[in-house]
Every structure is written in C-alpha cells, then in structure tokens.
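Numbering (the working numbering), first residue to last: 1 to 116.
Beta carbons: idealized from backbone N, C-alpha and C, even for Gly.
Predicted model only: the values in this text are computed from it and were never measured.
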C-alpha cells in the first residue's frame, strides 16, 4: 500500500478527513481525477463505474485521487475510500450521477457535498 500526501483542492471537501489506499486500475482505462470507480468482482481491479455493467463495477466504490492512464496495462493508483467530495468535481460513468450514487457511497463513508 502506498502513501500519498494530502493535497487540498476542489475535489475534497474540508468537512471530513479523506482516507486513501492504493488499488489496481484495469488495463485499458484512462481516467480523470475524481472518477467514481467500481470494483470488478472477478479480478479485484477498478474501472469507471457504469450502471449498466454486470461485473460488480456497476456499484460505485471509491474516488480516484489523481488522473491515471492505464491504456497499456494494469496500473496502481491511489483512491479515496472515505471522505467528503464536491459533487461538481466528481466524474461519473454512464448511468450514474451524484444523486443516483449518493446513498450507496454514503454507506461506504464517501459523502457527496454540493459545490458552489
């Protein structure tokens, strides 16, 4: 598990201390900071969560801490597993919105806050 320094920015809200860990992003993904990711059950790897997926990743699970280019292979990346995040800074996959993921993420200690 890698450790990263916390950087204050427009993604993380000051209302909760964010908690991070390192995960594996599946090969083929090119993701922006703030992407809401789901975990593929069979592999344990993370991809952009899309509501129509049927591999486990349809359930939003974590928030990507920095942009990642895994286009050439699986890549380790830091994600937030808990904290409060500004809705306008989050990047959602097809079929997901801040409203549609709010309850599921809240159960995982990820809180979506309305930005200004």
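Residue environment, residue i, which counts as buried when at least 16 other CB atoms sit within 10 Å
i           : result
residue 39  : buried
residue 83  : buried
residue 101 : buried
residue 17  : exposed
residue 108 : exposed
residue 112 : buried
residue 44  : exposed
Residue closest to residue i, alpha-carbon to alpha-carbon, out of the options
i           : options         : result
residue 61  : 98, 105, 95, 19 : 105
residue 110 : 59, 72, 63      : 63
residue 94  : 36, 103, 12, 67 : 36
residue 49  : 103, 91, 114    : 91
residue 59  : 113, 103, 115   : 103
residue 28  : 54, 97, 51, 47  : 47
residue 10  : 54, 51, 85      : 85
DSSP state of residue i mapped onto helix, strand, coil
i          : result
residue 90 : coil
residue 77 : strand
residue 98 : helix
residue 11 : coil
residue 83 : strand
residue 39 : strand
Supposed contact pair residue j and residue i - C-beta distance, whole angstroms, cut 8 Å
i           : j          : result
residue 31  : residue 67 : 7 Å
residue 70  : residue 80 : The pair is not a contact, with the Cβ atoms about 18 Å apart (cut-off 8 Å).
residue 115 : residue 87 : 5 Å
residue 51  : residue 96 : 5 Å
Within-8 Å CB hit, residue i to chain C
i          : result
residue 97 : In summary, chain C is missing from the structure at hand, where a single protein chain is found.
Quiz item: Is there contact here, the stretch 20-30 with the stretch 67-79, by at least three beta-carbon pairs under 8 Å?
Solution: yes
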